[in-house]
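Asker: If you read the sequence shown in our numbering, its first letter stands for residue 545, the second for the next number, and so on.
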Amino acid sequence: MKPIDEIIEHELGRFLEAVKQKFQSEVEKGIQDASTGIIAWVTSDKTNLKSGENFGNPVGIYELSQCRFCKKFHLNEDKHSCKGNK
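1. Taking the straight line between their C-alpha atoms, what separation do you get for Q576 and K546?
2. Expressed to the nearest angstrom, what Euclidean distance is found between the alpha-carbon atoms of D549 and Q565?
3. Hey, how far is the Cα of F613 from the Cα of S588?
4. How many Å lie between H554 and E572 at the Cα?
5. At which residues does the beta strand (DSSP E) containing F617 begin and terminate?
6. Quick one: grab the DSSP three-state call for S609.
7. Expressed to the nearest angstrom, what Euclidean distance is found between the alpha-carbon atoms of E570 and A562?
8. Measuring straight from C-alpha to C-alpha, what distance separates Q568 and C611?
9. Who are the Cβ neighbours of H624 in its own chain at under 7 Å, not counting the five residues just before and after it?
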């Protein structure tokens, strides 16, 4: 009979592997969806647009900055606080 620690370690390893596989599959699906959308946008016919008409919905641009103390990224519009910049 195996000690309980070995059983828990084995089952936890199996669980983490399943989570990792699901995460990778969702990331791959997201990348495929995004690239399909980009390809559709790039190859679409933009010649029929009227003057001053936008193609699709306007999109805002978000700028990120990296904190020199904690090295985390944050939006420029958001207030960032960490232990290093107080």
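For glycine and all other residues, C-beta sits at the position ideal for the given N, C-alpha and C.
Here the structure is a predicted model, which is why all the values come from computation and not from measurement.
Answerer: In this structure, then:
1. In the sequence shown, the residue the question calls residue 576 occupies position 32. In the sequence shown, the residue the question calls residue 546 occupies position 2. The straight-line gap from Cα to Cα measures roughly 44 Å.
2. Taking the first residue of the sequence shown as position 1, residue 549 is located at position 5. Taking the first residue of the sequence shown as position 1, residue 565 is located at position 21. Roughly 24 Å separates the two Cα atoms.
3. Locating residue 613 in the sequence shown gives position 69, counting from the first residue. Locating residue 588 in the sequence shown gives position 44, counting from the first residue. Approximately 44 Å between the Cα atoms of the pair.
4. Counting from 1 along the sequence shown, the entry for residue 554 is found at position 10. Counting from 1 along the sequence shown, the entry for residue 572 is found at position 28. Roughly 27 Å between the two C-alpha positions.
5. For the purposes of this step, residue 617 is identified with residue 73 of the sequence shown, where counting begins at 1. Looking at the DSSP string, the run of the beta strand (DSSP E) that includes F617 is F617 to L619.
6. Here the question's residue 609 lines up with position 65 in the sequence shown. Here S609 sits in strand by DSSP.
7. In the sequence shown, the residue the question calls residue 570 occupies position 26. In the sequence shown, the residue the question calls residue 562 occupies position 18. Going by the C-alpha atoms only, they are around 12 Å apart.
8. In the sequence shown, residue 568 corresponds to position 24, counting from 1. In the sequence shown, residue 611 corresponds to position 67, counting from 1. Those two C-alpha atoms are separated by around 28 Å.
9. For the purposes of this step, residue 624 is identified with residue 80 of the sequence shown, where counting begins at 1. Excluding sequence neighbours, H624 sits near C611 and H618.
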